[in-house]
Amino acid sequence: MRFSSNAKPYVLLVIAGTVLLLGYVYFSFFSERLNRRTDVVSVTPWLAPIVWEGTFDPVLIDKIYKPMNLTIATTVFAVGKYVRFLQDFLETAEKHFMVGFHVRYYVFTDRPHDVPSVNLFQGRHLSVIQVPGSNRWQEISARRMEFIQTTIERQIRREADYIFCLDVDSKFHARWGSESLGRLVAVIHPGYYEQSRDRFPYERRLASTAYIPMDEGDYYYGGAMIGGFVEDVYTLTKVCRTRFEEDAGNSIEAAWQEESHLNRYLLDNKPSKVLSPEYLWQDIKAKTKQVKVIRFSAVIKNNAEVRPNV
1122 MRFSSNAKPY VLLVIAGTVL LLGYVYFSFF SERLNRRTDV VSVTPWLAPI
1172 VWEGTFDPVL IDKIYKPMNL TIATTVFAVG KYVRFLQDFL ETAEKHFMVG
1222 FHVRYYVFTD RPHDVPSVNL FQGRHLSVIQ VPGSNRWQEI SARRMEFIQT
1272 TIERQIRREA DYIFCLDVDS KFHARWGSES LGRLVAVIHP GYYEQSRDRF
1322 PYERRLASTA YIPMDEGDYY YGGAMIGGFV EDVYTLTKVC RTRFEEDAGN
1372 SIEAAWQEES HLNRYLLDNK PSKVLSPEYL WQDIKAKTKQ VKVIRFSAVI
1422 KNNAEVRPNV
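Counting along the sequence shown from 1, when you hit position 62 you're at 1183 in the numbering used here, and nothing is skipped either side.
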């Protein structure tokens, strides 16, 4: 399945509606069939599923999605010394990420000659896209929205159906599969899934376009993962880039760069699926009673050594 750039809008709506309906029926059915988890919230207030171990049947959901012949784009930024994390990222992705699907990795780097050679399974490809380096990690972080937007325009929308934008300084440890597919997908930040809303590090300055008032907000979403239909993620990146540039014009940098703008966008545009912290853990943290499986986790590193500035 491929969404043409000139496809009729109603066709896209029908496809999106069908996938959403399948997802709703699927999660509704399996919330009854599987051992119901009472230790976690598995649905949002707007009725989007929150994906935890024990809330889906991997065999059945693969039977729904794999016949669609989908291609999954995966962007990752390996700028500066962060290129050292790329080999582990790719090798573990080949073991655990979207196994059995067509996958296209898009590696953004200022060191194309340092991109490692990794054996990819049939139907999986890697493209290297050269980007400039920077003396500030905040700028690298902030420009990701711009680079993803322009690459979707030039290439990705012709080559993939879904897209996941992930952090390179991470590794896969267990299945990350079709249960994560949705129109617009976000992940709950592992540092705040047990916190109350007043503890979320949203941008609180009214002058910023990422501003969220103290009495608003659903979850604190991690900026290390953005996913969904290519066109939905394109809209997200375009809006966030515009807002970031508006802030920059007013000499404002949001508290957590693109993550702050992502949280503002997702407050206004609710994700159709939310991934639990299983899909964005941190190696420095031990598993908890709620997090029974660690699927994707940020590696332990010395920020002062790998970042151009701290």
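Beta carbons are placed, not taken as given, at the ideal position from N, Cα and C, and that holds for glycine.
Does the beta-carbon distance from residue i to residue j come in below 8 Å?
{"i": "S1418", "j": "K1292", "result": "yes"}
{"i": "A1169", "j": "R1225", "result": "no"}
{"i": "L1287", "j": "T1195", "result": "yes"}
{"i": "R1296", "j": "R1416", "result": "yes"}
{"i": "I1284", "j": "V1236", "result": "no"}
{"i": "T1192", "j": "H1217", "result": "no"}
{"i": "P1253", "j": "W1402", "result": "no"}
{"i": "A1199", "j": "F1206", "result": "yes"}
{"i": "A1331", "j": "R1364", "result": "yes"}
{"i": "V1306", "j": "F1210", "result": "no"}
{"i": "E1212", "j": "V1239", "result": "yes"}
For residue i, which of the options has the nearest alpha-carbon?
{"i": "V1161", "options": "R1416, I1421 and Q1411", "result": "Q1411"}
{"i": "L1383", "options": "V1164, A1199, G1221 and V1308", "result": "V1308"}
{"i": "G1369", "options": "V1204, R1264, D1282 and R1416", "result": "What sits at residue 1369 in the sequence shown is Ala, not Gly. Nearest of V1204, R1264, D1282 and R1416 to A1369, Cα basis: R1264."}
{"i": "Y1314", "options": "K1422, F1229 and Y1400", "result": "Y1400"}
{"i": "I1250", "options": "G1221, T1272 and M1346", "result": "T1272"}
{"i": "V1183", "options": "V1252, D1336, G1221 and T1159", "result": "Per the sequence shown, the amino acid found at residue 1183 is Asp instead of Val. It is G1221 whose Cα lies nearest to the Cα of D1183."}
{"i": "R1304", "options": "V1351, D1336 and A1328", "result": "V1351"}
{"i": "R1405", "options": "I1421, P1179 and F1365", "result": "Looking at the sequence provided, one finds Ile at residue 1405 rather than Arg. Minimum Cα distance to I1405 is reached at I1421."}
{"i": "S1393", "options": "W1377, G1349 and A1345", "result": "G1349"}
{"i": "D1339", "options": "T1159, I1171 and R1158", "result": "I1171"}
{"i": "R1318", "options": "F1268, P1334 and V1180", "result": "P1334"}
{"i": "Q1378", "options": "A1345, D1389, T1159 and S1299", "result": "A1345"}
{"i": "E1374", "options": "I1269, K1413 and S1329", "result": "S1329"}
{"i": "M1219", "options": "N1190, T1159 and E1267", "result": "N1190"}
{"i": "P1179", "options": "S1238, S1301, E1366 and A1376", "result": "S1301"}
{"i": "E1366", "options": "V1414, E1267 and Q1316", "result": "E1267"}
{"i": "V1197", "options": "T1409, T1159, I1347 and V1414", "result": "I1347"}
Taking the straight line between their C-alpha atoms, what separation do you get for residue i and residue j?
{"i": "T1176", "j": "N1371", "result": "45 Å"}
{"i": "S1381", "j": "K1391", "result": "15 Å"}
{"i": "F1148", "j": "S1163", "result": "Here the model assigns F1148 a pLDDT of 48, short of 50, so the residue's position is not dependable and the matter cannot be decided."}
{"i": "V1204", "j": "Q1276", "result": "23 Å"}
{"i": "S1248", "j": "Y1386", "result": "28 Å"}
{"i": "V1228", "j": "H1246", "result": "11 Å"}
{"i": "E1174", "j": "G1343", "result": "19 Å"}
{"i": "P1233", "j": "D1336", "result": "45 Å"}
{"i": "A1407", "j": "Y1186", "result": "32 Å"}
{"i": "H1294", "j": "P1188", "result": "25 Å"}
{"i": "D1389", "j": "T1165", "result": "15 Å"}
{"i": "S1299", "j": "K1202", "result": "32 Å"}
{"i": "Q1270", "j": "V1395", "result": "22 Å"}
{"i": "T1159", "j": "T1409", "result": "15 Å"}
{"i": "S1255", "j": "Q1208", "result": "22 Å"}
{"i": "A1376", "j": "Q1316", "result": "18 Å"}
{"i": "K1413", "j": "G1244", "result": "31 Å"}
{"i": "L1155", "j": "W1167", "result": "Residue confidence is low: L1155 scores 47 on pLDDT, short of 50, so the model does not pin down where it sits. Its coordinate-derived value is still stated next. Approximately 22 Å between the Cα atoms of the pair."}
{"i": "L1241", "j": "Y1341", "result": "34 Å"}
Report task. Report yes or no: do three or more beta-carbon pairs, one from the segment 1348–1362 and one from the segment 1315–1325, lie closer than 8 Å? Result -> no
Report task. Could I get the ranges of all uninterrupted alpha helix (DSSP H) runs contained in the segment 1340–1423, with 4 residues as the minimum, in chain order? Result -> 1351–1370 and 1378–1389
Query - Those runs of the alpha helix (DSSP H) which lie wholly inside the segment 1151–1235 and span at least 4 residues - result: 1179–1186 and 1207–1217
Requested in this report: Output the residue ranges of the beta strand (DSSP E) runs that lie fully inside the segment 1275–1308 and measure 3 residues or longer, sorted by chain position.
Outcome: 1283–1288, 1291–1293 and 1305–1308
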